[in-house]
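Heads up: the sequence shown runs through residues 487 to 667, numbered per the working numbering. All C-beta atoms in this analysis are idealised placements derived from N, C-alpha and C, irrespective of residue type, glycine included.
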Amino acid sequence: MDTDIYYPKIYDIIYRSGYAIGYVGIVLFVFSYLFYDLPVFSAGILIFYLGSLTSGIFLLVWKREIKIFILSCIILGILIGVGDIFLKNSEVLIISIGLVLTGVAGLYGKEAHCFHFIEGWILMWSFPILIFANLLIYGLGLQDNGIIHFIFFVIYAILMLLALSFLIKKTRQPLMKFCQD
């Protein structure tokens, strides 16, 4: 890590708070998904987006291109999600979530690489699979199938618990800890 990079402790605190905000969104999303509660579902997605954007903005990485890619995915996903408000098209929402999850996979992957958080690796690799599975389910028109809905709830709940474990590890980590190879 270059020592000439200005990155005060408050940036690290804000970066970590993005994970906490995002986790609140994950919890709202998971339980609203179970109970088919659309307003809470939307709030969960928005809060998750806010947390992801916060962490993305304050991300400190060794290559600028990585941050640009992560932030580009998150911002483009959010912009497409705003378009969904007007289009009311579930496929657009899936693309929006997919792009944001791609950026978030980068955030978790960075933490997994630097600090050897196994939850980070699992979350990072599960997001692309989850995106593909959702696209497949929607493509086949099975999104309203009760069994598939329950299976996805279980998957989302497992990911929620992994994100909680990750969040606990990240908040217990000393501030300003540099990447470990």
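If you draw a 10 Å sphere on the C-beta of Ile581, you find 16 or more other C-beta atoms in it, and that means buried. If you check the CB distance, Phe639 and Tyr519 come in under 7 angstroms.
Counting of Cβ neighbours within 10 angstroms places Tyr522 among the exposed residues, the total staying below 16. As summarised for the stretch 492-580, the continuous alpha helix (DSSP H) elements at least 4 residues long and confined to that stretch are 495-521, 524-543 and 550-573, given in chain order. A residue is called buried once 16 or more other Cβ atoms fall within 10 Å of its Cβ, and Asp630, having fewer, is exposed.
Residue burial is scored here from C-beta neighbours: Leu573 has fewer than 16 other C-beta atoms within 10 angstroms and is therefore classed as exposed. Classified as buried, Glu605 has 16 or more neighbouring CB atoms from the shown chains inside 10 Å of its CB.
Between Ile560 and Val586, the beta carbon gap of about 5 angstroms places them in contact (Cβ cut-off 8 angstroms). Here Phe613 carries a helix assignment [DSSP, helix/strand/coil].
The stretch 542-554 makes no contact with the stretch 506-517, as fewer than three CB pairs between them are under 8 angstroms. With contact defined as three or more Cβ pairs closer than 8 angstroms, the stretch 528-547 and the stretch 489-509 are in contact. Taking the Cβ atoms as the reference, Glu577 lies roughly 6 angstroms from Tyr624, within the contact range of under 8 angstroms. Cα atoms of Phe544 and Phe636: separation of roughly 36 angstroms, rounded to the nearest angstrom. Here DSSP, grouped into helix, strand and coil, assigns Asn620 to helix. At least 7 angstroms separates the beta-carbon of Tyr594 from that of Leu579.
Look at Phe603 here: in three-state DSSP terms it is coil, with no helix or strand label. Straight through space, the alpha carbons of Leu653 and Tyr642 are spaced by roughly 16 angstroms.
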